[in-house]
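Protein chains: 2
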Amino acid sequence: MNLYPPPIQRLIELFSRFPGIGEKSAARFVFYLLKLSGPEIEELTDLIKSLKNKIHVCSLCHNFSESDPCQICLNPKRQKNIICVVAKPQDLTAIEKSGQYQGLYHILGGILEPLNNITPENLNIKSLLERIKNNQNEIKEIILSLNPDIEGETTSLYLHKLLKQNFPNLKITRLARGLPMGADIEYADDTTIANALQGRKEF
Amino acid sequence: MNLYPPPIQRLIELFSRFPGIGEKSAARFVFYLLKLSGPEIEELTDLIKSLKNKIHVCSLCHNFSESDPCQICLNPKRQKNIICVVAKPQDLTAIEKSGQYQGLYHILGGILEPLNNITPENLNIKSLLERIKNNQNEIKEIILSLNPDIEGETTSLYLHKLLKQNFPNLKITRLARGLPMGADIEYADDTTIANALQGRKEF
Chain V
1 MNLYPPPIQR
11 LIELFSRFPG
21 IGEKSAARFV
31 FYLLKLSGPE
41 IEELTDLIKS
51 LKNKIHVCSL
61 CHNFSESDPC
71 QICLNPKRQK
81 NIICVVAKPQ
91 DLTAIEKSGQ
101 YQGLYHILGG
111 ILEPLNNITP
121 ENLNIKSLLE
131 RIKNNQNEIK
141 EIILSLNPDI
151 EGETTSLYLH
161 KLLKQNFPNL
171 KITRLARGLP
181 MGADIEYADD
191 TTIANALQGR
201 KEF
Chain P
1 MNLYPPPIQR
11 LIELFSRFPG
21 IGEKSAARFV
31 FYLLKLSGPE
41 IEELTDLIKS
51 LKNKIHVCSL
61 CHNFSESDPC
71 QICLNPKRQK
81 NIICVVAKPQ
91 DLTAIEKSGQ
101 YQGLYHILGG
111 ILEPLNNITP
121 ENLNIKSLLE
131 RIKNNQNEIK
141 EIILSLNPDI
151 EGETTSLYLH
161 KLLKQNFPNL
171 KITRLARGLP
181 MGADIEYADD
191 TTIANALQGR
201 KEF
């Protein structure tokens, strides 16, 4: 049985470890790379190599950034009295793209998954408490912006309880639940419809 | 609006060009890379960089290989009288994995797609004709192993006609059509059932 030559085989193995990538997609990546020009390969590998040197973790919000603190934490135009807690940097980007939020962020670096040994100690929760404590007079609201699924809910409940214990006067909110844009009510699940009814607004 | 830092943004752009990868998956790749250790990054980038130097195209069958000719073309145990024509190296690997084929291969490097400007000149067809011509006494059969879809069928028909014109005595076959293993007849499409009936075999 003849498989791929060893360098191709090994690269397929490495690409198979990328999130969401199986062996077939990994093989397609390698054959795609074989078609790239020298300068294209150069740019890709240089960028991957320099990533860790160029990108730092913001010591305030834990977002990836070229500067520390990051551009959002440094920005004097952002509202300093509200912190939006998200699980990962991609969620921050999604919220930024909406253009609706001018406050600060705090990246948890994941959500609670006891079965995968992700406990409160593995998330940026301690630094969130300290951050609020150090700016207690300034920070008025925490938005818990975690996914509306079981793990997200559990993490939100945990954080809500913890924050209320430590800062009883802090306003703690979460993102609204309801029908997403473009949804078909016929196919919406029961919980989404229940949430949409409960959260209904006057025209 | 604050997006990702420029190095992350550029790497997302480059990964988005990978086959089957959109912006969201590309972003997940970058955050996966940010979690890798230095030596892991080193191995990945070194492999990508050395790919073009280590991997050659076999001048006989056009497969990617560390040697030229490739290990299959060089293997004295392979049957030299039969050539299996496939579109891409992954198809060769799939056939090799079956362990049922001992002949040689010829990689077309794609299939005919006139709408995407992929014409016979862009595929390794001329070299196939020359290869057969140079070994006319030896080569007895060509298996056209292209996908059973419209483009694959068109390419097979084109090759069949061309080969018959040039080598009237050459045996030209194609892979059998029928129900794949694990199929549910209830959900099989009409053409597959028709093919399975037409190609039925005695027990």
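For the protein sequence lines, the chains are V and P, in the order given.
According to the numbering used here, the first sequence is numbered sequentially starting from 1.
According to the numbering used here, the second sequence is numbered sequentially starting from 1.
Here a beta-carbon is modelled for each residue, glycine too, at the ideal position from N, C-alpha and C.
Values in this document were obtained by computation on a predicted structure and should not be read as measured data.
| Item | Value |
| --- | --- |
| Going by C-alpha distance, which of V:184, V:152, V:177 is nearest residue 196 (chain V)? | V:177 |
| Within a Cβ cutoff of 7 Å, which residues of the same chain sit near residue 9 (chain V), ignoring the five residues on either side of it in sequence? | 3 |
| Return the residues of the region 52-70 of chain P that lie within a Cβ-Cβ distance of less than 8 Å from chain V, sorted by chain order. | 52, 54, 55, 64, 65, 66 |
| Got a sec, what are the start and stop residues for the beta strand (DSSP E) residue 173 (chain V) sits in? | 171-174 |
| Which residues does DSSP list as the beta-bridge partners of residue 65 (chain V)? | V:56 |
| Just the chain P side, please: which residues come within less than 8 Å of residue 148 (chain V) by C-beta, in chain order? | Simply none; closest approach about 18 Å. |
| Along the region 10-24 of chain P, where does the CB come closer than 7 Å to a CB of chain V? Name the residues. | 10, 11, 14, 18, 19, 20 |
| Where residue 124 (chain P) and residue 38 (chain V) are concerned, what is the direct C-alpha to C-alpha distance, given to the nearest angstrom? | 23 Å |
| Would residue 104 (chain V) pass as a contact of residue 132 (chain V) if the rule is Cβ separation under 9 Å? | no |
| Applying a beta-carbon distance threshold of less than 8 Å, which residues of chain P neighbour residue 187 (chain V)? | By Cβ distance, chain P contributes nothing, its closest Cβ being about 22 Å from residue 187 (chain V), past 8 Å. |
| Tell me residue 73 (chain P)'s beta-bridge partners as DSSP assigns them. | Answer is none; residue 73 (chain P) lacks a bridge partner. |
| Comparing the C-beta of residue 8 (chain P) with each C-beta of chain V, is any distance below 9 Å? | yes |
| Quick one: which chain V residues come within Cβ less than 7 Å of residue 49 (chain P)? | 41, 45 |
| So what does DSSP say about residue 113 (chain V), is it helix, strand or coil? | strand |
| Any beta carbon of chain V sitting closer than 9 Å to that of residue 86 (chain P)? | no |
| Please check if any C-beta of chain P sits within less than 9 Å of the C-beta of residue 77 (chain V). | no |
| With 9 Å set as the bound, which would you pick, yes or no: does the beta-carbon of residue 2 (chain V) sit closer than that to a beta-carbon of chain P? | Legend: pLDDT at residue 2 (chain V) = 46, less than 50; position of this residue unreliable, value from coordinates given subsequently. Yes, residue 2 (chain V) lies at the interface with chain P (some Cβ there is under 9 Å from its Cβ). |
| With DSSP run on the structure shown, which of helix, strand or coil describes residue 145 (chain P)? | strand |
| Could you tell me the alpha carbon to alpha carbon distance between residue 1 (chain V) and residue 72 (chain P), rounded to whole angstroms? | With a pLDDT of 42 at residue 1 (chain V), under the threshold of 50, the modelled position of that residue is not reliable, and no figure is offered here. |
| Report the CB separation of residue 66 (chain V) from residue 48 (chain V) in whole angstroms; it is logged as a contact under 8 Å. | Rounded, the Cβ-Cβ distance is 16 Å, inconsistent with contact. |
| With burial defined as no fewer than 16 other Cβ atoms inside 10 Å of the residue's Cβ, what is the status of residue 64 (chain P): buried or exposed? | buried |
| In its own chain, which residues sit with a C-beta less than 8 Å from the C-beta of residue 203 (chain V), not counting the 5 before and 5 after it? | none |
| Kindly indicate which residue of V:188, V:93, V:190 has the alpha-carbon position closest to the one of residue 102 (chain V). | V:93 |
| Give me, in chain order, the residues of the same chain whose beta-carbon lies closer than 7 Å to that of residue 171 (chain V); leave out the 5 immediate sequence neighbours on both sides. | 140, 141 |
| Taking only three categories from DSSP, how would you classify residue 82 (chain V)? | strand |
| With burial defined as no fewer than 16 other Cβ atoms inside 10 Å of the residue's Cβ, what is the status of residue 87 (chain P): buried or exposed? | buried |
| Does residue 173 (chain P) pass the burial test, meaning 16 or more other C-beta atoms within 10 Å, or should it be called exposed? | exposed |
| Closer than 6 Å by C-beta to residue 127 (chain P): which residues in its own chain qualify, once you throw out the five before and the five after it? Chain order, please. | none |
| Under 9 Å, Cβ to Cβ, is there at least one residue of chain P near residue 144 (chain V)? | no |
| Which of the three DSSP states, helix, strand or coil, is assigned to residue 1 (chain V)? | With a pLDDT of only 42 at residue 1 (chain V), under 50, the local geometry of the prediction cannot be trusted, and the value read off the model is given with reservation. Coil. |
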